[in-house]
Amino acid sequence: MLQIKNLHATVHDTQILKGINLSIHAGEVHAIMGPNGSGKTTLSNVLAGRDGYVVTQGDILFFGKNIIALTPEERAVMGFFLGMQYPVEIPGVNNSYFLKTALNSIRKARGESELDAFDFMQLVKTHLAAVGMDEKFLKRSVNAGFSGGEKKRNEILQMMLLQPKMAVLDETDSGLDVDALQMVAKGVNTLRDASRGILLITHYQRLLTYVEPDFVHVLLGGKIVKSGDKQLAQEIEKNGYGAL
Amino acid sequence: MDMARFNHLHRVTPGILSSGLEGVIVRETENTIDLIIDPVKNSETTFYFLSSDFHANKHCSIEVNFRYEAATVHIFGLYELHDKKHIKIKTTMNHFVPHCTSKQLWKGVMHDASKAAFEGKIIVHPQAQKTHAQLANKNLLLSQQAEINTKPELEIYADDVTCSHGATIGCLDDNALFYLRSRGIEENEARAILVKAFIEELYDIGDL
Numbered sequence: 001m002l003q004i005k006n007l008h009a010t011v012h013d014t015q016i017l018k019g020i021n022l023s024i025h026a027g028e029v030h031a032i033m034g035p036n037g038s039g040k041t042t043l044s045n046v047l048a049g050r051d052g053y054v055v056t057q058g059d060i061l062f063f064g065k066n067i068i069a070l071t072p073e074e075r076a077v078m079g080f081f082l083g084m085q086y087p088v089e090i091p092g093v094n095n096s097y098f099l100k101t102a103l104n105s106i107r108k109a110r111g112e113s114e115l116d117a118f119d120f121m122q123l124v125k126t127h128l129a130a131v132g133m134d135e136k137f138l139k140r141s142v143n144a145g146f147s148g149g150e151k152k153r154n155e156i157l158q159m160m161l162l163q164p165k166m167a168v169l170d171e172t173d174s175g176l177d178v179d180a181l182q183m184v185a186k187g188v189n190t191l192r193d194a195s196r197g198i199l200l201i202t203h204y205q206r207l208l209t210y211v212e213p214d215f216v217h218v219l220l221g222g223k224i225v226k227s228g229d230k231q232l233a234q235e236i237e238k239n240g241y242g243a244l
Numbered sequence: 245m246d247m248a249r250f251n252h253l254h255r256v257t258p259g260i261l262s263s264g265l266e267g268v269i270v271r272e273t274e275n276t277i278d279l280i281i282d283p284v285k286n287s288e289t290t291f292y293f294l295s296s297d298f299h300a301n302k303h304c305s306i307e308v309n310f311r312y313e314a315a316t317v318h319i320f321g322l323y324e325l326h327d328k329k330h331i332k333i334k335t336t337m338n339h340f341v342p343h344c345t346s347k348q349l350w351k352g353v354m355h356d357a358s359k360a361a362f363e364g365k366i367i368v369h370p371q372a373q374k375t376h377a378q379l380a381n382k383n384l385l386l387s388q389q390a391e392i393n394t395k396p397e398l399e400i401y402a403d404d405v406t407c408s409h410g411a412t413i414g415c416l417d418d419n420a421l422f423y424l425r426s427r428g429i430e431e432n433e434a435r436a437i438l439v440k441a442f443i444e445e446l447y448d449i450g451d452l
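Same order as they appear, the protein sequences are chains A and B. Numbering follows the numbering used here, with no gaps: position 73 of the first sequence is 73. Numbering follows the numbering used here, with no gaps: position 61 of the second sequence is 305.
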């Protein structure tokens, strides 16, 4: 479903990704682990199509289609989702309005009918319980004043609403206490599906205890240097990245 | 206030507008709009000035004269311009007497190659002790060619007062724009949502 071929990318003219190769099939959960500065967030931003990240070589194929020239919104319509490490606060933009607009933008672009306010509220409420969020978070501005855990739950809520085919979660576990981590992991696990690919990008092993990956890759200096299964994650936890 | 109705010197009595004002003078010529506002004792009045391309290429001035004690005036102002239109807005708060409050929040949204100049003057005269005056001017530039010149000014001649002023100039938050787009919201709509959020702070009546 997602094929990354020999991907090279720069940010502010600095070469960060130096030849990444990765294939993720539907139903698979992959994890990419790496130390700070290895290129984890660059990879997730390049996949999402963020301005300022330039692909200098290589391809990104999503459902067989090269997406490098596609805008972030076009990738979302195709079914791509990026869960951010630091979800931005957007004061003045109502959270419920944002969620409904996002969902309807995607539905409209796919030729599906848009949900009216009533149907949307019904849909959102079914998911709120699953992420442990109170209805009051719908009335607030997007992520404004949310704690770290609440912001991550808002990301998972968005995933549940938008039902992406390929979800990349960038350090979703950073800054979370154990309770919030378990709640987020539970949310991710409910999204595991034969039709969906999930890529967890993480520094620490602990999320992977709750969301067991099928494949683990190690990113160092902008390249994947080793791949394995979940045992590899435990090895890293024990011996560190330097041992590789 | 529908300023288009006034095209010459015109004094409006309080009965028409509000009991908080001794009078409002509105003077409009081809290139200028001037408002002179005199609040009465113990009054509290709020004004919204919403400028748009309609008032483009004009000089607009708003003068509030505090001649009676314990008057409060809140002003919320918005100017939003497109194309190559320009506007100049000058506000003058004259605190002549003690115990009055003036609070202003002005927001500018400059599209395309539009230009705005904002001058916010607050004069606290020597007898005007216990004056409380606030002025904030926040501007959003939406293109490289848009321009804003903002100049808040305080002239304070009394020594027991609270006055503050500030001006900011910014553009849309890239992170916020990317966040909305990454969720499937098309770029132009995402920008419009952020501009609307910027403007709507004016209507959340709270502390300036």
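By construction, the Cβ of each residue, glycine as well, lies at the ideal position given by its N, Cα and C atoms.
Problem set entry | Which of helix, strand or coil DSSP assigns to TYR447 of chain B | In the three-state reduction of the DSSP assignment, TYR447 of chain B falls in the helix class, which pools H, G and I.
Exercise. What's the gap between the Cα of TYR204 of chain A and the Cα of GLU431 of chain B?
Worked result: Straight across, the Cα-Cα distance linking TYR204 of chain A with GLU431 of chain B is about 34 Å.
Exercise. So, using beta-carbon positions, are GLY221 of chain A and LYS18 of chain A closer together than 8 Å?
Worked result: In contact: GLY221 of chain A and LYS18 of chain A (Cβ atoms closer than 8 Å).
Exercise. If you draw a straight line from the alpha carbon of PHE442 of chain B to that of ALA434 of chain B, how long is it in whole angstroms?
Worked result: Cα to Cα, the separation comes out at about 13 Å.
Exercise. Span of the alpha helix (DSSP H) holding TYR423 of chain B?
Worked result: 418-426 is the span of the alpha helix (DSSP H), which, as asked, contains TYR423 of chain B.
Problem set entry | Residue range of the beta strand (DSSP E) that includes LEU385 of chain B | DSSP places LEU385 of chain B in the uninterrupted beta strand (DSSP E) bounded by 376-385.
Problem set entry | Rounded C-alpha distance that separates ASP233 of chain B from HIS330 of chain B | Since the first residue shown for chain B is 245 and the last is 452, residue 233 of chain B is missing from the structure and cannot be characterised.
For this session: Determine the contact status of ASN45 of chain A and PRO87 of chain A, defining contact as a CB-CB distance below 8 Å.
Result: Not a contact, by the Cβ cut-off of 8 Å.
For this session: Identify each residue in the region 420-445 of chain B for which the Cβ-Cβ distance to at least one residue of chain A is less than 9 Å, and report them in chain order.
Result: Taking 9 Å as the Cβ-Cβ cut-off against chain A, the residues of the region 420-445 of chain B that qualify are ALA420, LEU421, PHE422, TYR423, LEU424, ARG425, SER426, ARG427, GLY428, ILE429, GLU430, GLU431, GLU433, ALA434, ILE437, LEU438, LYS440, ALA441, PHE442, ILE443, GLU444, GLU445.
Exercise. Would you call the region 402-413 of chain B and the region 71-85 of chain A touching, i.e. three or more CB-CB distances under 8 Å?
Worked result: Contact fails: fewer than three Cβ-Cβ distances are below 8 Å.
For this session: Starting from PHE118 of chain A, trace the beta strand (DSSP E) both ways and give me its first and last residue.
Result: Element bounds for PHE118 of chain A: not the beta strand (DSSP E) but the alpha helix (DSSP H), 117-131.
Problem set entry | Inter-residue spacing [alpha-carbon to alpha-carbon] between PRO258 of chain B and THR289 of chain B | Only weak support exists for where PRO258 of chain B lies, its pLDDT of 41 falling under 50; the value from the coordinates is given anyway. If I take the Cα positions, the gap works out to 12 Å.
Exercise. Going by DSSP, what residues sit across from TYR292 of chain B in a beta bridge?
Worked result: According to DSSP, TYR292 of chain B bridges with B:PHE320.
Exercise. LYS125 of chain A: buried (16+ other C-beta within 10 angstroms of its C-beta) or exposed?
Worked result: Exposed is the label assigned to LYS125 of chain A, since fewer than 16 other Cβ atoms lie within 10 Å of its Cβ.
Exercise. What does a CB cutoff of less than 8 Å around ASN36 of chain A pick up in its chain, not counting 5 residues either side in sequence?
Worked result: Only HIS203 meet the Cβ criterion.
Exercise. Can the beta-carbon of ALA380 of chain B be found less than 8 Å from the beta-carbon of ILE366 of chain B?
Worked result: No, the Cβ-Cβ distance between ALA380 of chain B and ILE366 of chain B is not below 8 Å.
For this session: From the DSSP output, in three-state form, read off ASP179 of chain A for me.
Result: ASP179 of chain A falls in the helix class under three-state DSSP.
For this session: Look up ILE67 of chain A in the DSSP assignment and say whether it is helix, strand or coil.
Result: Looking at ILE67 of chain A - three-state DSSP - the assignment turns out to be coil, as it is neither helix nor strand.
Exercise. Would you say ALA9 of chain A reaches chain B, if we count a Cβ-Cβ gap shorter than 8 Å as a contact?
Worked result: Output row for ALA9 of chain A: interface = no.
Exercise. If you run the structure through DSSP and keep just helix, strand and coil, what is GLN348 of chain B?
Worked result: Strand at GLN348 of chain B.
For this session: Using a Cβ cut-off of 8 Å, pull out every chain B residue sitting near LEU82 of chain A, in sequence order please.
Result: Chain B residues near LEU82 of chain A: SER426.
For this session: Provide the residue span of the beta strand (DSSP E) that contains TYR53 of chain A, from first to last.
Result: Counting along the chain, the beta strand (DSSP E) containing TYR53 of chain A begins and ends at 53-62.
Problem set entry | Under 9 Å from the C-beta of GLU235 of chain A: neighbouring residues of chain B | What GLU235 of chain A touches in chain B: nothing, since even the nearest Cβ is about 33 Å away.
Exercise. How would you label LEU401 of chain B, buried or exposed, when you count the other beta carbons within 10 angstroms and need 16 or more for buried?
Worked result: Note that residue 401 of chain B is Tyr in the sequence shown here, rather than Leu. So TYR401 of chain B counts as exposed.
Exercise. Can you give the beta carbon distance from ALA48 of chain A to LEU82 of chain A, rounded, assuming they're within the 8 Å contact cut?
Worked result: Contact flag correct, Cβ pair sits at about 4 Å.
Exercise. Which of the three DSSP states, helix, strand or coil, is assigned to ASP170 of chain A?
Worked result: Three-state result, ASP170 of chain A: strand.
Problem set entry | beta strand (DSSP E) runs wholly inside the region 210-242 of chain A, at least 3 long, in chain order | Qualifying beta strand (DSSP E) stretches, in chain order: 215-220, 223-228.
Exercise. Taking Cβ positions only, does GLU114 of chain A come closer than 8 Å to chain B?
Worked result: Answer no: the Cβ-Cβ gap between GLU114 of chain A and chain B never drops below 8 Å.
For this session: Kindly confirm or deny that the region 341-349 of chain B and the region 316-326 of chain B touch, where touching means at least three C-beta pairs closer than 8 Å.
Result: Output reads yes: the region 316-326 of chain B touches the region 341-349 of chain B.
For this session: Please confirm if VAL93 of chain A has its CB atom under 8 Å from at least one CB of chain B.
Result: Yes, because at least one Cβ of chain B sits closer than 8 Å to the Cβ of VAL93 of chain A.
Exercise. Near CYS415 of chain B, which residues of its chain fall below 6 Å by C-beta distance, leaving aside the five closest residues on each side in sequence?
Worked result: Sequence-distant partners of CYS415 of chain B (beyond 5 residues in either direction) whose C-beta falls short of 6 Å from its own C-beta, in its chain, are LEU385.
Problem set entry | Alpha-carbon to alpha-carbon, ALA185 of chain A and THR41 of chain A | Rounded to the nearest whole angstrom, the CA to CA distance from THR41 of chain A to ALA185 of chain A is 20 Å.
Exercise. Does any C-beta atom of chain B lie closer than 8 Å to the C-beta of LEU162 of chain A?
Worked result: Using a Cβ-Cβ cut-off of 8 Å, LEU162 of chain A counts as an interface residue toward chain B, since at least one Cβ of chain B sits closer than that to its own.
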